[in-house]
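Per full-length UniProt numbering, the very first residue in the sequence shown carries number 482; after that it's consecutive.
Even glycine gets a Cβ: it sits at the ideal position worked out from N, Cα and C.
Report on the following structure.
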Amino acid sequence: AAKESGKASFVRFEPRMRDEMMNHATLAGELRNGIARGELRLLYQPVFDLVTGRLHGCEALVRWQHPVRGFVSPGEFIPVAERSGLIVPLGAWVLREACEQMAQWRSQFGDGAVEAVNVNVAVRQLRSASFVDEVAAVLSDTGLTSRDVILEVTESSVVDGWQVQETLQGLHDMGVRLALDDFGTGQSSLSLLRAFPVDVLKLDKSFVDGIADGADRGRLAVAAAVAQLAEYLQLKAVAEGIENQEQLDRLRDMGYRYGQGFHMAKPLPAADCGALMAADPVNAA
Ligand code: C2E
Ligand code: MG
Ligand code: MG
Ligand code: MG
Numbered sequence: 482a483a484k485e486s487g488k489a490s491f492v493r494f495e496p497r498m499r500d501e502m503m504n505h506a507t508l509a510g511e512l513r514n515g516i517a518r519g520e521l522r523l524l525y526q527p528v529f530d531l532v533t534g535r536l537h538g539c540e541a542l543v544r545w546q547h548p549v550r551g552f553v554s555p556g557e558f559i560p561v562a563e564r565s566g567l568i569v570p571l572g573a574w575v576l577r578e579a580c581e582q583m584a585q586w587r588s589q590f591g592d593g594a595v596e597a598v599n600v601n602v603a604v605r606q607l608r609s610a611s612f613v614d615e616v617a618a619v620l621s622d623t624g625l626t627s628r629d630v631i632l633e634v635t636e637s638s639v640v641d642g643w644q645v646q647e648t649l650q651g652l653h654d655m656g657v658r659l660a661l662d663d664f665g666t667g668q669s670s671l672s673l674l675r676a677f678p679v680d681v682l683k684l685d686k687s688f689v690d691g692i693a694d695g696a697d698r699g700r701l702a703v704a705a706a707v708a709q710l711a712e713y714l715q716l717k718a719v720a721e722g723i724e725n726q727e728q729l730d731r732l733r734d735m736g737y738r739y740g741q742g743f744h745m746a747k748p749l750p751a752a753d754c755g756a757l758m759a760a761d762p763v764n765a766a
């Protein structure tokens, strides 16, 4: 706020700030306990093939059911987990849980039912020199191969520094694919694609929002450009946050082969995702 106000370079203390600081410390402590007590769980949002309409993959999204506060959204506690460092054990739990679920789907529905499980990874996890080994251990423990998992990272975390670059290269060498999440919102989109081993571009929801009304030429242009970029670079293009049929149609026509959004499915309990896999006639064959 101090920056945005122009000339003023000082920040005035406001009671709200103290509340936010206390809230952060309290929340971090409760989150630490919550992880230990098993208050976290995963939902899975299906990724659909927009051409065939079939389920393609699933993205694991963490949820926190606090005994007193009730449901706390990841938008609230992931930033807290990132600043406190708790994201490292939390992220490790998410990865293992998602891979165990993926292994179960594989054994229930076979190889064709779901292409991969997507797992969000924070920059603090990528800064750890042991992350590549951690991923390898989870894959081997769960009996999955490196093709079964796609790790979602943001543009800003990719340009963090040499350790992250080494981690990403190590994952790539292992055969684990990387998706750039919230693509288009970062600073260095284009040069980044040459320097890092990226496999999937996930167009941020903010660009999808502007598509149907046609009023926002700028966002439309970014959406179209990202689809073209993905085609030229032979990357998978996924559109996030599709909320109506018109958006879906226009994105598919633009070249987005894959999409996620409330229009098709919200994040679901694993069993409901499994039901979608079971209902697919191709899997029953
Ligand atoms: P994300 O990875 O970009 O996930 C997409 C978010 O958009 C999810 O919110 C999802 O529920 C929401 N979404 C999907 N389709 C629609 C739609 O059609 N309309 C609207 N309005 N929203 C839609 P969620 O689950 O609240 O997660 C928010 C963010 O929290 C995620 O953004 C991700 O950055 C982070 N996050 C969630 N789980 C994890 C995790 O296990 N690890 C890490 N590091 N971050 C996570
Ligand atoms: Mg994501
Ligand atoms: Mg995203
Ligand atoms: Mg997002």
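Compare the Cα-Cα distances from residue i to each of the options and report the closest residue.
i, options, result
"Val707", "Gln741, Met745, Thr666, Val553", "Thr666"
"Thr626", "Ser611, Ala617, Gly515", "Ala617"
"Trp643", "Glu581, Ser588, Gly591, Phe677", "Phe677"
"Ser611", "Leu652, Val549, Gly656", "Leu652"
"Met745", "His505, Met655, Gly722", "Gly722"
"Pro555", "Leu521, Glu578, Ala579, Val569", "Leu521"
"Val549", "Gly515, Cys539, Ala693, Ser687", "Gly515"
"Leu584", "Gly572, Pro560, Val619, Phe552", "According to the sequence displayed, residue 584 carries Ala and not Leu. Looking at the Cα atoms, Val619 is the closest of the given residues."
"Glu615", "Pro570, Ala696, Arg675", "Pro570"
"Cys754", "Ser621, Gly691, Ala597", "Ala597"
"Arg587", "Trp545, Gly572, Gly538", "Gly538"
"Ile559", "Gly551, His505, Cys580, Glu540", "His505"
"Gly519", "Gly534, Trp545, Val553", "Trp545"
"Lys717", "Arg698, Gly691, Phe664, Gln668", "Phe664"
Quick one: is residue i buried, meaning 16 or more other Cβ sit within 10 Å of its Cβ, or exposed?
i, result
"Asp629", "buried"
"Gln726", "exposed"
"Ala759", "exposed"
"Ala483", "Legend: pLDDT at Ala483 = 45, less than 50; position of this residue unreliable, no value from coordinates given."
"Pro748", "buried"
"Thr623", "buried"
"Ser638", "buried"
"Leu661", "buried"
"Val613", "buried"
Would residue i and residue j qualify as a contact pair, given that the criterion is a beta-carbon distance under 8 Å?
i, j, result
"Ala658", "Asp685", "In the sequence on display, residue 658 carries Arg and not Ala. The answer is no: Cβ separation not under 8 Å."
"Ala704", "Val689", "yes"
"Ala594", "Asp761", "yes"
"Ala517", "Ser565", "no"
"Glu511", "His547", "yes"
"Leu682", "Ala711", "yes"
"Leu542", "Gln526", "yes"
"Leu567", "Arg493", "no"
"Leu673", "Glu724", "no"
"Leu524", "Val575", "no"
"Gln589", "Ala751", "no"
"Gln715", "Gly736", "no"
"Gln668", "Ala693", "no"
Using three-state DSSP, classify residue i as helix, strand or coil.
i, result
"Phe529", "strand"
"Gln646", "helix"
"Gln715", "coil"
"Ser744", "In the sequence under discussion, the amino acid at residue 744 is His, which differs from the Ser named in the question. DSSP places His744 in coil when its eight states are reduced to three."
"Thr635", "strand"
"Val668", "The identity of residue 668 in the sequence shown is Gln, whereas the question assumes Val. Coil."
"Phe677", "coil"
"Asp662", "strand"
"Glu540", "strand"
"Ala752", "helix"
"Ala720", "strand"
"Val549", "coil"
"Leu524", "strand"
"Leu684", "strand"
"Asn725", "coil"
"Val640", "coil"
"Val763", "helix"
"Val613", "helix"
"Val630", "strand"
"Val604", "helix"
"Val598", "strand"
"Gly699", "helix"
Between residue i and chain E, is there a C-beta pair that is closer than 8 Å?
i, result
"Leu749", "Here there is only one protein chain, and chain E is not present."
Practice task
Answer yes if the region 737-747 comes into contact with the region 523-531, meaning at least three C-beta pairs across the two stretches below 8 Å, and no otherwise.
Solution key: By the criterion of at least three beta-carbon pairs nearer than 8 Å, the region 523-531 is in contact with the region 737-747.
Problem - Any 3 or more C-beta pairs closer than 8 Å across the region 599-611 and the region 632-650 - result: yes
Handout entry: Three or more C-beta pairs below 8 Å linking the region 605-612 and the region 638-648
Key = yes
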